[in-house]
Amino acid sequence: MQVGLGDYLALAMLLFGIGAIGFLVRRNILIQLMSLELMLNSANVALVAVNRWHPSDHVGQVFAFFVVAVAAAEAAVGLAIIISWFRLKKTVESDVASSLRH
Amino acid sequence: MSELGQGVFWLSALIAVVGALCTVASRRPLRAAFGLLVHIVGLAAILLTLQAHLLAVLQLLIYAGAVVVLFIFVIMLIGPDAEAPMRARGWGVRALNFSLMAVAVLAIAAPLASHDEPWVAVEDCRGQPSSECRPFGGVAAVGSALFREAIVPFELVGLLLVVAVVGALAIAQSKAKATKTSAAAKPIPSTTGLSTASTLASEEG
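Chains A and B, in that order, are what the protein sequence lines are. For the first sequence, the positions run 72 to 173 when my numbering is used. For the second sequence, the positions run 115 to 319 when my numbering is used.
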């Protein structure tokens, strides 16, 4: 069976679904942040795959480059927030993060 | 796509999916981080089958080299408390969650998988002097696209990274100062992490 654009897009959707369900059902905030990275990566796969089937320019790859850069910034800030929040609450359970409620 | 390329695609797709499942399903965050590492390596191989050589290298450098190391560093810093207890949900609720998500994913992925476009070959540089040819997805082609068409976003991303680093430093430092002053004012009771969290939760709730 010939591997086509659809297979890459379906793989990206599958990885996005895995990341989304990880973000929704897990309560460990570290693993939720990792699931966020999974979702960003799956978007990258879709961008690069569509770019491969329209190879006259590099728009998709340039966009994926920016996604990678923003994901790196997001990981740095997110982990700093997690450390500072862990010092406050002494846990990584995201259910405990209710300081802004009411 | 060649036979070898298809084999590489299926193998690396399997590796990426298994790594993602390890990340999501493992109890310990350290195992999840290693699952993320496996996922990143599989994804870099998938990018290679798409002729995105520069992005595959960047993926390995930034994710496997920086982001996963940062995650592991934070997990080590937090220590054994990094493992939050799994909430025991009923099997019915869990099965409902997973089946709803699987239906949603399959409902989008199945029409996508049947979507097909003719294979487009990219031009390779045989018969041309190497100074004039820019192969698709290489450093020269992506770099020139980046600097010709996206120079302003590129500079803005540099600014964003600087702001992110300064912001991360500021968050960590201000909180360290606050805990230092509060520790000087009032000694923190030396209870274990989970009981402190539960008392905090009960005070707030």
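Backbone N, C-alpha and C fix where the C-beta goes; we use that ideal spot for every residue, glycine too.
Closer than 7 Å, Cβ to Cβ, to anything on chain B: give me those residues from the region 101–135 of chain A, in chain order. 101, 102, 105, 106, 108, 109, 112, 116, 119, 120, 123, 124, 126, 128, 129, 132, 133 and 135
Using a Cβ-Cβ cut-off of 8 Å, state whether residue 80/A counts as contacting chain B. yes
In terms of DSSP beta bridges, what is residue 99/A paired with? 164/A
Could you give the DSSP three-state label for residue 267/B: helix, strand or coil? helix
Within 8 Å, strictly: CB atoms of residue 147/B and residue 186/B: yes
Where does residue 127/A sit, in a helix, a strand or coil, going by DSSP? coil
Can you list the residues of chain B that residue 76/A reaches, using a CB-CB cut of under 8 Å? 229, 230 and 231
Out of 254/B, 255/B, 142/B and 174/B, which has the shortest C-alpha to C-alpha gap to residue 197/B? 142/B
Just checking: is the beta-carbon of residue 143/B within a distance shorter than 8 Å of some beta-carbon in chain A? yes
Member of 120/A, 102/A and 160/A whose CA lies at the smallest distance from the CA of residue 182/B: 102/A
Could you say which of 139/B, 281/B and 149/B lies nearest to residue 129/B if we only look at CA atoms? 149/B
Near-chain A residues of the region 117–146 of chain B - C-beta to any C-beta below 7 Å: 120, 123, 127, 130, 131, 134, 135, 137, 138, 143 and 146
I need the straight-line Cα distance from residue 79/A to residue 159/A, nearest angstrom please. 43 Å
So, under 8 Å CB-CB, residue 115/A and residue 141/A are touching, yes? Tell me the CB distance rounded to an integer number of Å. Actually they are not in contact, since the Cβ atoms of residue 115/A and residue 141/A sit about 11 Å apart, beyond 8 Å.
When 189/B, 226/B and 135/B are compared against residue 144/B, the one with the closest alpha-carbon: 189/B
Quick check: the Cα distance between residue 171/B and residue 136/A, rounded to an integer number of angstroms? 11 Å
Any chain B beta carbon closer than 8 Å to residue 150/A: yes
If you compare alpha carbons, which of 147/A, 99/A, 96/A and 120/A is closest to residue 229/B? 120/A
If you run the structure through DSSP and keep just helix, strand and coil, what is residue 251/B? coil
Spatial distance of residue 88/A from residue 108/A (CA atoms): 12 Å
Closest residue to residue 226/B among 75/A, 122/A and 81/A (Cα-Cα distance): 81/A
Burial state of residue 311/B, where buried means 16 or more other Cβ atoms lie within 10 Å: Legend: pLDDT at residue 311/B = 47, less than 50; position of this residue unreliable, value from coordinates given subsequently. It is buried - the Cβ of residue 311/B has at least 16 other Cβ atoms within 10 Å.
With 8 Å as the threshold, decide whether the Cβ of residue 151/B is near any Cβ in chain A. no
Look at residue 167/B and residue 257/B and say whether their C-beta atoms are less than 8 Å apart. no
CB contact check: residue 310/B to chain A, cutoff 8 Å: Confidence at residue 310/B is low in this model, with a pLDDT of 46, below 50, so the placement of that residue is unreliable and no value is reported for it.
Give a yes or no on whether the minimum CB-CB distance between residue 251/B and chain A is below 8 Å. yes
Can you tell which of 125/B, 211/B, 275/B and 195/B has the C-alpha that lies nearest to the C-alpha of residue 152/B? 125/B
Within 10 Å of its beta-carbon, does residue 90/A have 16 or more other beta-carbons around it, so buried, or fewer, so exposed? buried
Burial state of residue 83/A (16 or more Cβ within 10 Å): buried
Which bits of chain B does residue 85/A rub up against, with CB to CB less than 7 Å? 131, 219 and 223
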